[in-house]
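Visitor: Chains R and W are the protein sequences, given in the same order. My numbering numbers the first residue of the first sequence as 1 and each following residue consecutively. My numbering numbers the first residue of the second sequence as 528 and each following residue consecutively. Beta carbons: idealized from backbone N, C-alpha and C, even for Gly. Encoded as C-alpha cells, here's the structure I'll be asking about.
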Amino acid sequence: MTVEAKLGQVANYVDERTGAAAFLKKSLKKVFPDHWSFLLGEVALYSFVILLLSGTFLTFWFDPSMREVVYEGTYQPLEGVKMSAAYASALHISFEVRGGLLMRQIHHWAALIFMAAIVAHLLRVFFTGAFRKPREGNWIIGVGLLTLGIVEGFLGYSLPDDLLSGTGIRIAEAIIQAIPVVGSYLSYFAFGGVFPGELFIPRIYIVHVLLLPGAFLALITVHLMLVWYQKHTQYPGPGRTEKNVVGYPLMPMYMAKAGGFFFIVFGVTAFLGAVASINPIWLYGPYTPAQISAGSQPDWYMGWLDGLVRMAPPIETYFFGYTVSWNILIPGLIIPGILFTGMALYPFIESWITGDKREHHLLDRPRNAPNRTALGAMSLTFMLVTLINGGNDLIATHFDLSINQIMWGTRIGVFVLPPLAFIITKRLCLSLQRADRELVLHGRETGRLLRMPSGEFVEVHEPISPEKAFILTSHEQLPALDLPAVDARGVKRAGVLKNKLRARLSKANAEAVPKVSADDLKEIESH
Amino acid sequence: MSSQLEPIKDPGLPAHVHRKTDTDPKAADRAERQVAAMFGISALGTVLLIVSYVFIPDDVFVFIPIMGNQNAHQLGLGLGMAIALFFIGLGAIHWAKTLMPDQEVVMQRHEFRSPEQDRKDFVDTVKEGAASSGLGRRSLIKKSLGAALGLSALSPILLLRDLGPLPGPEQKMTNWKSGTYLVTDPGDRRIKASDLEVGSVAQVMPEFADPKDRHLDDIAKDALLLIRLRPSEFNLEPDRLAMTHEGIIAFSKICSHMGCAVALYEQTTKHLLCPCHQSTFDVTRAAKVIFGPAARPLPQLDITVDGEGYLIARKPFSEPVGPSFWGREK
C-alpha cells in the first residue's frame, strides 16, 4: 500500500470517530502568507518548546532547597564549601550529570533567544501596524507574554542560588520593600520573614516550573488560535487585498517549512549550548549577602531596568516619619508600569487618534505611518540608552572611560535622545515617501548619461514595473480628523481639552507626502 | 480612502514561475538526493552524540582555537545534538522549497462582523436573558451577590497570610550590641587594632558563641567593613570621629540603596563603590553619598577596644541597615 493510501486510511479512521472531516479539510488547506519577518514569532514559539524540554530535564536533578550542605562534588575549587542544596545540585548537573551542562546551557540560551524573538516579533507587529483591529486583543496577550517572559527569565536565573542570582533577588527584595505602606509586609510574605530566609528558592521554583509555564501555555494557545481564526496579516503587493490571503497551504508546504524551522532553531540553540559558555555558576560561588562580584550584570532583557535604577537621582522623601524611596520607585516600578501599560493600550490610542475603526489585514510599510514609526524609534532609543547604562561598569572598564561620565551621559541622553530619534525618524519617513513619489512619477535612475545635441547631460530614467508602482501607491492616506470646538449646531463640544489634544495628534499623525494620484500621472503623460 | 481613485491598477498576482525541479526530472531527482543527504548527515550527528556519550570520558579536554580548552565529552554531545537537529530542519526546508508545489494560493477572508439580523438577535437575547433574571429590577439580589462575591475573594488573601510573619522589630535590628566583639570573616578570630594596617580594609562579623549559628539572615544585616586611615585623613563631625578608633572606621557593608554588598574600595580616593548600581560613598566623610542612586550614607558603627585591646562595638547601629522601607524611621 502506498503512503498516500495509508494516510487516507488514517484520515478515514479519524473522521469516523470525530466527524472532523469538514473542519480538518479546511484547516489543512489554510493559507499562510510567507515572509521572513513572520518567522520571528515562530522562533519565540519554538524556543518555548525547547525551554519546556530542556527545563524538564533539569528538574530531574535540581534540588530546590536552601538547606545548607557541604560541597563534596568533583569541582575541586569549591570542595568543602558550605552552600545551599540548590546550588550544590546545580553544580552536580553541570559536572556530574552527563549532558547536564549542555542542557543547562541550552536552557539558558533558549531563554535569551526566546526573549529576543519576542521583542523582535513585537517590533515587527508594531512597525507594520499588525496590531490594528481586529488584532488588538492578541497584541495585549503579546504584551502579557513579554512581561511574563521577563519575570520567568529572572526567576530562572535566580534558581541556582549562586552569588550573582542571589544579588538579583536581593535587588528584587529592595524593590518590593520600597512599595509605600505595604512594602515590608509583601517582602515578609514573599521571603517568609527577613531576607534571605530559607523559603524563596522553593517558592520561586514552583512559580518558575508550574505557575508561569501554565500561564504561558494558556496565553500562547489563545495567541495562536486567534492568529488561526483571524488569519495572518500580509504585506501589500499585487493581488493582495484586505479581503484575501495569499500564501502557501498548511499541507504540505507550510508544515514542512515550519516543522523544519523548529529543528533549525533547536539545532542552533544546541550548537550555542555546546560551544558558548553561559552563566558559569561555578565561577561565582554560593550566595552570601556579604559578597558580590564586580561587573554583576542581569540577563539582557533586564538590563534596561537595571540601567534605569542606576541612573536614578538619589531622592528619598520623608513625611510624618515615613520613608518613600523615589530612587527605587520611579525607575523600578513607575516607569516600567507606564511603559508597559502604554504599550498594551497603544492600539486603542492610535485608533482614537486616527478615528479609524475598520478592520486591517494589509500591513503598513513603516514609512507610510511616520508617527507610529517615529514613536517606535523613540521607545527603542529610550530602551537602548537605559540598556547602555545597565552595562556602564563594563563599558567603563573595557573602554577605559569614567563611569561617572557614562552615567551623566545617559542621564541626559535618556531625556534628549528619544525625542531626537522621533524627529529624525519622522523626517526620514517623509523623505522616503517623497522618494517613492519620485520613483513612481519619474522612474528609477539607470546611471546612464545621455549627451543632448545642445551639449547638456541628462540621466536616463526608466519607468518602474507596474507591480512596484502598485506597491508604492496602494496605501491609503487618511486625512486628519475634523474636530472643531463647536459642533454643527453651534454648541460647544464636551471635553474641550481632550478634543483639542485629539485634533492636534490627529493632525500630526496625518502628515504625509501626498502619494501619486491619477491626476499626477495624467499630467506626466501629457508632457 | 477606498473611494479615492487608485492611480495604479492592481496588476494582480504575478504569474507563477516554474522552478528547475518542476520541469526537469533530473533536477528533481538531484534535489531528492540532496534532501536525503541532509537527513543522512543528521543521522551521523546522532551517531556522534552516542559515541561521545559512551566513549569519551567526561574529564578529557581538547584545545580548540578561539574557544580555548573545551570539555570533549560535553562538546561531542552538543555538536552531535546540534548536527542531528539542524540537518533535519535543513532537509525538510530544502524538500519544501524544491519539490513541494510552490504555487501561491489565494483564499478569501471571512468578515468577522455577523449579518445584521444575527447581531440584533444576539443583543436581544442578551437583553432578554438579563431582563428575565430580574437582575435589573431586584436590586437586593444584585447588591448582596456583589458583596458576597467581593467577600469570598478575601479568603485566598486571608489563607495566604501564613506565607510569612508580620514585620517585627528584627527588621531594624542587627546582632551588633554594646560590647560585641568584631571577628574576622572567615576565621572568627577577634581583632586588635594593630592587626589592621593603615590603608587596608577588612570584612568582619559580630562574634557568635558558636559560629555555626550564623546564618545568611544574620550575614545579610551584620556584614561590616573596617577601613583604617590616618586619623588626619578624616573629615568628620566630632560625634562621628568619636565613633572611630585610631583611624579605624566601621560601616555596614549592606548598601543603603538596594542591599548589595558594597565591596569595592578604592584606596587612592578612599571611596567605597557598590558594584550593583555604582553608588559611591566617601569614607573620609562618614560614607556620604557622592555619586549614584543611593540616598543615604552607609550606617556607621560606633567601635572601641576592650581592656585587652580587642575591637568591640560600643553601641548598636543607631539606624536600620540596608535598603529603605516605609516604616524605617518609625
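#1: Can you list, in chain order, the residues of its chain with a C-beta nearer than 7 Å to that of TYR235 of chain R? Leave out the 5 residues immediately preceding and following it.
#2: Under 8 Å: do the segment 337–344 of chain R and the segment 76–93 of chain R share three or more Cβ pairs, one atom per stretch?
#3: Check for me: the beta strand (DSSP E) holding SER779 of chain W runs from which residue to which?
#4: How many Å lie between LYS838 of chain W and VAL69 of chain R at the Cα?
#5: Just mark MET770 of chain W as buried or exposed, buried being the case when its beta carbon has 16 or more other beta carbons within 10 Å.
#6: Measure the C-alpha to C-alpha separation of LYS29 of chain R and ARG664 of chain W and round it to an integer number of angstroms.
#7: If you follow the beta strand (DSSP E) that HIS361 of chain R is part of, which residue opens it and which one closes it?
#8: Quick test of your reading: GLY443 of chain R and PRO463 of chain R, contact by CB under 8 Å. State the CB separation rounded to the nearest angstrom.
#9: Would you mind listing the beta strand (DSSP E) stretches within the segment 16–71 of chain R that are 3+ residues and don't spill past its ends, in chain order?
#10: Quick one: what does DSSP say ALA873 of chain W is sitting in, helix, strand or coil?
#11: Whose C-alpha, out of W:LEU690, W:ALA790, W:LEU693, is nearest the C-alpha of GLN805 of chain W?
#12: In chain R, which residues lie with their C-beta within 8 Å of the C-beta of VAL816 of chain W?
#13: Within 10 angstroms of its Cβ, does THR707 of chain W collect 16 or more other Cβ (buried), or is it exposed?
#14: Specify whether the segment 150–158 of chain R and the segment 108–115 of chain R touch according to this definition: at least 3 beta carbon pairs, one from each stretch, less than 8 Å apart.
#15: Check whether the segment 183–193 of chain R and the segment 721–729 of chain W are in contact - that is, three or more C-beta pairs closer than 8 Å.
#16: Can you tell me the Cβ-Cβ gap for SER84 of chain R and MET66 of chain R, rounded? I've got them flagged as a contact below 8 Å.
#17: Extract the residue ranges of the beta strand (DSSP E) inside the segment 535–605 of chain W, only unbroken runs of 3 or more that lie entirely within it.
#18: How would you call LYS231 of chain R, buried or exposed, if buried means at least 16 neighbouring beta carbons within 10 angstroms?
#19: Tell me, please, whether the CB atom of ASP356 of chain R is closer than 8 Å to any CB atom in chain W?
#20: Measuring CB atoms only, is the segment 262–281 of chain R touching the segment 603–619 of chain W, in the sense that at least three cross pairs come out at less than 8 Å?
#21: Consider the Cβ of PRO134 of chain R: report whether some Cβ of chain W lies at a distance smaller than 8 Å.
#22: Rounded to the nearest angstrom, what separates ASP585 of chain W and LEU101 of chain R at their Cα positions?
#23: Hey, would you say PHE200 of chain R sits closer than 8 Å to ILE169 of chain R, going by beta carbons?
#24: List the residues of chain W that MET407 of chain R touches, going by C-beta distances under 8 Å, in chain order.
#25: So if I threshold CB-CB distances at 8 Å, which residues from the segment 153–177 of chain R count as touching chain W?
#26: So which residues on chain W does GLN291 of chain R lean against when the C-beta distance must stay under 7 Å?
#27: Can SER569 of chain W and LEU604 of chain W be called in contact, C-beta distance under 8 Å?
#28: Could you work out which residues of chain R lie near PRO694 of chain W, taking near to mean beta carbons separated by less than 7 Å?
#29: For MET528 of chain W, name the three-state secondary structure that DSSP assigns.
#30: Give the C-beta separation of PHE590 of chain W and ASN596 of chain W to the nearest angstrom, bearing in mind that I take them to be a contact with Cβ-Cβ under 8 Å.
#31: What do you reckon, are the CB atoms on LYS243 of chain R and ARG636 of chain W nearer than 8 Å?
#32: Counting beta carbon pairs with one atom in the segment 386–393 of chain R and one in the segment 409–425 of chain R, are three or more of them shorter than 8 Å?
#33: By the 10 Å Cβ neighbour count, where 16 or more other Cβ atoms means buried, how is TYR157 of chain R classified, buried or exposed?
#34: What's the C-alpha gap between SER325 of chain R and PHE844 of chain W?
#35: Given this structure, state the Cα-to-Cα distance separating ALA814 of chain W from GLY854 of chain W, to the nearest angstrom.
Guide: So, from the listed chains and residues:
#1: HIS35, LEU363
#2: no
#3: 775–779 is the extent of the beta strand (DSSP E) around SER779 of chain W.
#4: Checking the displayed sequence, the identity of residue 838 of chain W turns out to be Leu instead of Lys. Cα to Cα, the separation comes out at about 32 Å.
#5: buried
#6: 51 Å
#7: Looking at the DSSP string, HIS361 of chain R is not in any beta strand (DSSP E), and its letter there is neither H nor E.
#8: 4 Å
#9: Correct list: 68–70.
#10: Given that chain W is displayed from residue 528 to residue 857, the structure contains no residue 873 of chain W and the question cannot be resolved.
#11: W:ALA790
#12: PRO314
#13: buried
#14: Flag = yes, the segment 150–158 of chain R and the segment 108–115 of chain R touch.
#15: no
#16: 5 Å
#17: Segments of the beta strand (DSSP E) lying fully in the segment 535–605 of chain W: 588–591, 595–598.
#18: buried
#19: False, the Cβ-Cβ gap to chain W never drops below 8 Å.
#20: yes
#21: yes
#22: 11 Å
#23: yes
#24: GLN805, PHE818, GLY819
#25: Residues passing the 8 Å Cβ filter: THR167, ARG170, ILE171, GLU173, ALA174, ILE175, GLN177.
#26: ALA788, ALA790
#27: no
#28: SER184, TYR185, TYR188
#29: Here the model assigns MET528 of chain W a pLDDT of 38, short of 50, so the residue's position is not dependable and the matter cannot be decided.
#30: With a Cβ gap of about 6 Å, PHE590 of chain W and ASN596 of chain W count as contacting.
#31: yes
#32: yes
#33: buried
#34: 21 Å
#35: 23 Å
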